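The structure appears below as structure tokens.
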DNA sequence: TATTGTATTATGGTATACAATCATATAATC
DNA sequence: GATTATATGATTGTATACCATAATACAATA
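Protein chains in written order, with my numbering: chain G, 1 to 215; chain V, 1001 to 1215.
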């Protein structure tokens, strides 16, 4: 079936734009979101803005205070820790499934992404590295058939995007990160689910520790 | 401090109402959600309805098809299985933490809830049993400090609410369920995190199996 | 200075208008 | 009769104007 993708609605574009602005730290935690201001800056009507706000509210990226509008959500140390804990569980499970299901095409793609990530980190292009890392894990999750989990992880990641960027660019991470990824791919290639899980866990635990220090 | 609670906004009420209608199977998966119909039946304006829709869309309770409105989300067997898998991970982790943190007040409350649940099941009041079960686990999660996890579990549960109701009222579950809960409480009381986790896992695995048959 | 009053701003919510699109029925054509 | 074209109605997508109320900041007053 030759599907044709429908034109994106204004609301979808606006949502993406607003979410990007938040996750890329253009609008900072605690900042107020004034409806009419957003209308102007995005060039859309209030209706659209309000729908976006509701969507992001449900994603916990922004929080509403009654009669006082919305602010970009802040995040506590405890929440960060919990988010990393949850990610560890979900990613370990995903990487296991992936190890059992991955074919050559997947492995190749993973290697390719890993290389690109390493390059980006060497060039200090953290934003791009973050995007590629997301791709990397998305492939792992979908290969493992963990679509619901990936959905959750994406949301959790959105809430700690700033920390992720900082973590990724931290000195130890720049070289060690890609090595970990390489080990994960190797384990997947050998269908060694246990080892893949173990490395994944280690990798994430390290990230969590760096994040904990940074916050 | 004499706080006065703010009146809930229309949107909040409408959201709850709509979500309830979906989770309680009043509106069934696949059913269309027509904006104006919802406006009338809920007595609110289109703006409010649309905000609710966006919120529920983000919760994956409804899905939108461009230019054709929204339908109540359906769920596949695979998704159900994955949701139960995720719940097992999250609840096991939560029950462990709970076992370490629970004081007498919590234990008492858990016992109380468990009794109420058993009573409801004997009287075939499944809806109420479901609500109480939610309370039961909410207490476990919050006691364990797993607020983010609880948030996720609540959402996942919303997506399988119908299955949960069916599962809960299945013959084997009516008597076995409360026994499992009792065992969990016991383990928590003795601060035996390992056993608590184990029982919790068993309990949920059974539920998942029943659900798998039902779907 | 502390309190009160007031103006401004922003939100919460409604109603309405209109274009774009989809579904369906109907008419026209081969 | 089967297919295509057209018209129609329903519904969404988007914009805008409007009102009431709450929050806030600031001025006025005692």
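No residue lacks a Cβ here, since even glycine has one placed at the ideal position from N, Cα and C.
Just so it is clear, the structure is predicted and the values come from calculations on it, not from any experiment.
Rounded separation between residue i and residue j - CA only
i: residue 200 (chain G); j: residue 104 (chain G); result: 20 Å
i: residue 1053 (chain V); j: residue 169 (chain G); result: 38 Å
i: residue 1191 (chain V); j: residue 85 (chain G); result: 21 Å
i: residue 154 (chain G); j: residue 23 (chain G); result: 12 Å
i: residue 1081 (chain V); j: residue 1133 (chain V); result: 20 Å
i: residue 1162 (chain V); j: residue 1076 (chain V); result: 13 Å
i: residue 1091 (chain V); j: residue 40 (chain G); result: 45 Å
i: residue 1206 (chain V); j: residue 205 (chain G); result: 31 Å
i: residue 1029 (chain V); j: residue 1087 (chain V); result: 22 Å
i: residue 89 (chain G); j: residue 1016 (chain V); result: 31 Å
i: residue 20 (chain G); j: residue 31 (chain G); result: 15 Å
i: residue 38 (chain G); j: residue 50 (chain G); result: 10 Å
i: residue 111 (chain G); j: residue 202 (chain G); result: 19 Å
i: residue 113 (chain G); j: residue 78 (chain G); result: 32 Å
i: residue 122 (chain G); j: residue 212 (chain G); result: 24 Å
i: residue 1180 (chain V); j: residue 152 (chain G); result: 28 Å
Own chain partners of residue i with C-beta closer than 6 Å, once the 5 adjacent residues on each side are dropped
i: residue 1010 (chain V); result: 1044 and 1048
i: residue 18 (chain G); result: 52
i: residue 1014 (chain V); result: 1042, 1044, 1048 and 1052
i: residue 96 (chain G); result: 193 and 197
i: residue 210 (chain G); result: 167 and 170
i: residue 8 (chain G); result: none
i: residue 1064 (chain V); result: 1057 and 1070
i: residue 118 (chain G); result: 178
i: residue 157 (chain G); result: none
Residues near residue i in its chain [Cβ-Cβ closer than 7 Å; skip 5 each side]
i: residue 1 (chain G); result: Residue confidence for residue 1 (chain G) is low, a pLDDT of 49 falling below 50, so the modelled location carries little weight; the figure read from the coordinates is stated next. Within the same chain, residue 1 (chain G) has no close Cβ partners at all.
i: residue 94 (chain G); result: 140, 141, 144, 146 and 149
i: residue 120 (chain G); result: 128, 129 and 132
Nearest candidate by alpha-carbon position, reference residue i, set the options
i: residue 1083 (chain V); options: G:185, G:150, G:203 and G:211; result: G:150
i: residue 56 (chain G); options: G:46, G:67, G:71 and G:128; result: G:71
i: residue 188 (chain G); options: G:109, G:63 and G:162; result: G:109
i: residue 1186 (chain V); options: V:1038, V:1063, V:1162 and V:1102; result: V:1102
i: residue 196 (chain G); options: G:60, G:182 and G:125; result: G:182
i: residue 135 (chain G); options: G:67, G:46 and G:115; result: G:115
i: residue 1130 (chain V); options: V:1106, V:1173 and V:1037; result: V:1173
i: residue 62 (chain G); options: G:121, G:87 and G:27; result: G:27
i: residue 67 (chain G); options: V:1123, V:1079, V:1100 and V:1012; result: V:1012
i: residue 99 (chain G); options: G:215, G:184, G:202 and G:123; result: G:184
i: residue 138 (chain G); options: G:125, G:118, G:106 and G:123; result: G:106
i: residue 1175 (chain V); options: V:1208, V:1124 and V:1157; result: V:1124
Spatial neighbours of residue i in its chain, beta-carbon cut-off 8 Å, leaving aside the 5 residues before and after
i: residue 34 (chain G); result: 69
i: residue 1127 (chain V); result: 1024 and 1165
i: residue 1060 (chain V); result: 1073, 1155 and 1159
i: residue 1214 (chain V); result: 1163, 1166, 1167 and 1170
i: residue 1036 (chain V); result: 1046
Three-way DSSP call (helix, strand, coil) for residue i in this model
i: residue 1 (chain G); result: Note that residue 1 (chain G) has pLDDT 49, beneath the 50 cutoff, so the model's placement of it is unreliable and the number below is only indicative. Coil.
i: residue 114 (chain G); result: helix
i: residue 1011 (chain V); result: helix
i: residue 1033 (chain V); result: strand
i: residue 1064 (chain V); result: strand
i: residue 80 (chain G); result: helix
i: residue 1044 (chain V); result: coil
i: residue 107 (chain G); result: helix
i: residue 216 (chain G); result: A query on residue 216 (chain G) cannot be resolved here, the shown segment of chain G reaching from 1 to 215 and no further.
i: residue 1071 (chain V); result: strand
i: residue 135 (chain G); result: helix
i: residue 145 (chain G); result: coil
i: residue 1191 (chain V); result: coil
i: residue 123 (chain G); result: coil
i: residue 209 (chain G); result: helix
i: residue 1025 (chain V); result: coil
i: residue 1161 (chain V); result: helix
Contact residues within the region 80-114 of chain G, judged by C-beta distance below 8 Å to chain V: 82, 83, 85, 86, 89, 90 and 93
Cβ-based contacts, 8 Å cut-off: residues of the region 1062-1080 of chain V near chain G: 1066, 1067, 1078 and 1079
Against chain G: residues of the region 1141-1159 of chain V by CB proximity under 8 Å: 1145, 1146, 1147, 1148, 1149, 1151, 1152 and 1156
Short-range partners of chain G found in the region 1036-1051 of chain V, where Cβ spacing is below 8 Å: 1047, 1050 and 1051
Contact list for the region 1184-1205 of chain V against chain G, Cβ threshold 8 Å: none
The region 1007-1036 of chain V: positions lying closer than 7 Å to chain G by Cβ: 1009
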